[in-house]
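Single-structure report; data block below.
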Amino acid sequence: MKHCLICSGCVETFIDFGRMPLGNAFLTAEEFETEYFFNLAAGVCESCFAVQLTDQPKPEKMFHSRYPFFTGSSGRMSAHFEEMARSVSARFLPGSDPFVVEIGSNDGTLLDFFRARNIRHLGVDPSSNVAEAAARKGVQTLCAFFDEREAGKILSEHGSADLILAANVICHIAALHSVLSGIDLLLTDAGVAVFEEPYMRDVLEKTAYDQIYDEHVFLFSLHAVQKALGPHNLELFDAQREWTHGGSMRYFIGRKGARPESEELLRLLAEEKLAGMTRMKTYEDFRGRCEKSREGLVRALEGFKKDGLSAAGYAATSKSTTVLNYAGIGPDLLPYICDTTPEKQGKFTPGVHIPVRPPEAFRSPYPDRALLFAWNHAEEIMAKEKDFLLSGAKWLVYIPHVKTL
Ligand code: TMP
Ligand code: ZN
793 MKHCLICSGC VETFIDFGRM PLGNAFLTAE EFETEYFFNL AAGVCESCFA
843 VQLTDQPKPE KMFHSRYPFF TGSSGRMSAH FEEMARSVSA RFLPGSDPFV
893 VEIGSNDGTL LDFFRARNIR HLGVDPSSNV AEAAARKGVQ TLCAFFDERE
943 AGKILSEHGS ADLILAANVI CHIAALHSVL SGIDLLLTDA GVAVFEEPYM
993 RDVLEKTAYD QIYDEHVFLF SLHAVQKALG PHNLELFDAQ REWTHGGSMR
1043 YFIGRKGARP ESEELLRLLA EEKLAGMTRM KTYEDFRGRC EKSREGLVRA
1093 LEGFKKDGLS AAGYAATSKS TTVLNYAGIG PDLLPYICDT TPEKQGKFTP
1143 GVHIPVRPPE AFRSPYPDRA LLFAWNHAEE IMAKEKDFLL SGAKWLVYIP
1193 HVKTL
């Protein structure tokens, strides 16, 4: 039995994927023998209902000088972050010499908005390659893991922060209380922290089990975040659902008692209860749906092979690592996956070792069936790949159900 990383309550495992590599550990053939595996399983805390991995690989194994994920690789995500920067600045940025900090600033896509407006800012990211990409844009960046100690250093060097932002980052950090203590230390009294993270309610509603992988130490709910903020001088005052990463929640956090709780926050909290997020049975039912989804996907790919239809994967997402390894799908069923990230091309996917090819390989010629792993970018991809359907080919999707389109 494991203890909750948020409240020390008992964590009940509800899905165990078994031996799993890291979602983003794309590798060369020479590295196959030394590939790292861990046991991927998710549990839910009986007392605060925080969904969390029961075993976490060391952060240094996941975030390093060869981190292959660049925020700017999706046009729609870049547009989303511009909207986020614009709206939080309008709502929360004070007039005189504000200071904005971003935790997990990646390639500086979000902070670039503040840089362009000469607003004092600092990004913190432990992966040196993405941090360097941000620095090249002129975004002030510190290559470090954000925690209480680092927050203290930032405070003494730059003063307190009016706005602390994080997108798809806080859920990656097992030492959540150290991060929250850091925010508590660094934030001005009137300051606001805004972070958005994949939302467990969407995972449940879409049977999006592929959101469970090494980097997602937590899949948060409002209830879990409220509980996590409890010991700190911080509280939730507003929340907003977002479409990003297949369904996210944007959390607005201020000092305790500083702002009234919004009606939207109260409504969303009540909805979590109605959706069964504070009942253990909901998570057991989810496991049953995941098993069905996995069987359906393998059956579809085996069917293509039997019918002589060629198949390929579209986008070598970190999420696809869970799907491929959980379902045991290798190059025999899916000979290659195309992806726009140069760092992934020419390498193999973690665990099942499917070759990753550049996007041009998708068009020459089109496969008969393409398995869409970047389902969270479906709109952008379907618009870009109109000719694929015109060629008579079809998409295979698995979210929210396995089907060909
Ligand atoms: P994400 O789902 O974690 O945002 O990762 C997106 C991955 O999908 C990343 O490796 C880039 C890839 N991708 C494509 O290959 N083509 C596309 O059109 C898009 C939007 C993403
Ligand atoms: Zn708990």
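Each residue of the sequence shown is one higher than the last, beginning at 793 in the numbering used here. Virtual Cβ for every residue (Gly too), placed ideally from N, Cα, C.
Put residue i into one of helix, strand or coil per three-state DSSP.
| i | result |
| --- | --- |
| His913 | strand |
| Lys1136 | coil |
| Gln1018 | helix |
| Ala1103 | strand |
| Phe891 | strand |
| Arg878 | helix |
| Ala1031 | strand |
| Ile956 | strand |
| Ser919 | coil |
| Met1069 | coil |
| Gly944 | helix |
| Phe905 | helix |
| Gly1080 | helix |
| Ile965 | coil |
| Asp981 | strand |
| Lys1098 | helix |
| Lys1195 | strand |
| Phe1044 | strand |
| Ile975 | helix |
| Thr1036 | helix |
| Leu885 | coil |
| Leu1126 | coil |
| Leu1026 | coil |
| Thr933 | strand |
| Glu1053 | coil |
| Ala1108 | coil |
| Ser1085 | helix |
| Asn1117 | helix |
| Gly900 | coil |
| Phe873 | helix |
| Pro860 | coil |
Rounded to a whole number of angstroms, what is the C-alpha to C-alpha distance between residue i and residue j?
| i | j | result |
| --- | --- | --- |
| Thr820 | Pro1142 | 10 angstroms |
| Leu1061 | His1015 | 7 angstroms |
| Gly983 | Ala943 | 15 angstroms |
| His1169 | Met869 | 9 angstroms |
| Arg907 | His913 | 7 angstroms |
| Ile822 | Glu924 | Reading off the sequence, residue 822 comes out as Glu, not Ile. Straight-line Cα distance between these residues: approximately 27 angstroms. |
| Met1072 | Cys796 | 15 angstroms |
| Met835 | Gly1039 | The residue you asked about is not Met; residue 835 is Gly in the sequence shown. The alpha-carbon atoms of Gly835 and Gly1039 are separated by roughly 20 angstroms. |
| Val995 | Gly1138 | 31 angstroms |
| Glu1041 | Lys998 | The residue you asked about is not Glu; residue 1041 is Met in the sequence shown. Approximately 15 angstroms, taken between the alpha carbons. |
| Lys1098 | Ala1104 | 15 angstroms |
| Leu968 | Ile798 | 7 angstroms |
| His872 | Asp847 | 32 angstroms |
| Val1144 | Leu1021 | 39 angstroms |
| Phe855 | Glu1007 | 9 angstroms |
| Thr805 | Ala966 | 17 angstroms |
| Ile962 | Val971 | 8 angstroms |
| Cys802 | Arg1079 | 19 angstroms |
| His964 | Val1009 | 5 angstroms |
| Ser948 | Arg941 | 11 angstroms |
| Pro1123 | Ser1102 | 12 angstroms |
| Val1090 | Ser857 | 35 angstroms |
| His1037 | Asp981 | 31 angstroms |
| Arg1172 | Ala1166 | As written in the sequence, residue 1172 is Glu, which differs from the Arg given in the question. Glu1172 and Ala1166: Cα-Cα distance of roughly 10 angstroms. |
| Ala1185 | Ala1107 | 17 angstroms |
| Phe1180 | Gln1018 | 45 angstroms |
| Leu1197 | Met1174 | 11 angstroms |
Quick one: is the Cβ of residue i within less than 8 angstroms of any heavy atom of the ligand COA?
| i | result |
| --- | --- |
| Ile1146 | This structure lacks the ligand COA; the ligands present are the ligand TMP and the ligand ZN. |
Answer yes or no: does any C-beta atom of chain D fall closer than 9 angstroms to that of residue i?
| i | result |
| --- | --- |
| Gly835 | Note that chain D does not occur in the displayed structure, where there is just one protein chain. |
message: Taking 8 angstroms as the cut-off, does the region 881–888 touch the region 1153–1163 (at least 3 CB pairs, one atom from each stretch)?
response: By the criterion of at least three beta-carbon pairs nearer than 8 angstroms, the region 1153–1163 is not in contact with the region 881–888.
- prompt: Could you give the uninterrupted runs of the alpha helix (DSSP H) lying entirely in the region 983–1014, keeping only those of 4 residues or more?
  reply: You should have 992–998.
Inter-stretch contact (C-beta, 8 angstroms, three-pair minimum) for the region 859–872 and the region 901–916: Three or more pairs of CB atoms, one per stretch, sit closer than 8 angstroms, so the region 859–872 contacts the region 901–916.
- request: Starting from the N-terminal side, write out each stretch of the beta strand (DSSP E) that is 3 residues or longer and does not extend beyond the region 795–845.
  value: Fully enclosed beta strand (DSSP E) runs of 3 or longer: 802–812, 830–837, 843–845.
message: I'd like to know if the region 829–839 and the region 1124–1136 are in contact, where contact means that at least 3 CB-CB pairs between them fall below 8 angstroms.
response: Because the criterion of three Cβ pairs below 8 angstroms is not met, the region 829–839 and the region 1124–1136 do not touch.
- request: Could I get the ranges of all uninterrupted alpha helix (DSSP H) runs contained in the region 1140–1190, with 4 residues as the minimum, in chain order?
  value: DSSP assignment within the region 1140–1190 yields the following whole alpha helix (DSSP H) runs of 4 residues or more, N-terminal first: 1152–1155, 1170–1176, 1178–1182.
- prompt: Closer than 6 angstroms from C-beta to any heavy atom of the ligand ZN: which residues, in chain order?
  reply: Counting only residues whose CB is nearer than 6 angstroms to a non-hydrogen atom of the ligand ZN, the list in chain order is Cys796, Ile798, Cys799, Gly801, Cys837, Ser839, Cys840, Ala842.
query: Is the region 969–985 in contact with the region 1039–1059, if contact means three or more CB pairs nearer than 8 angstroms?
result: Touching, yes, given that three or more Cβ pairs across the two stretches are closer than 8 angstroms.
message: Check whether the region 988–996 and the region 917–936 touch, using three or more Cβ-Cβ pairs below 8 angstroms as the test.
response: No, they do not touch.
field: Sufficient close CB pairs (3 or more, under 8 angstroms) joining the region 991–1005 to the region 1105–1123
entry: Result yes; three or more Cβ-Cβ pairs closer than 8 angstroms.
At least three beta-carbon pairs within less than 8 angstroms, the region 1009–1029 to the region 1049–1064: They touch, by the three-pair rule.
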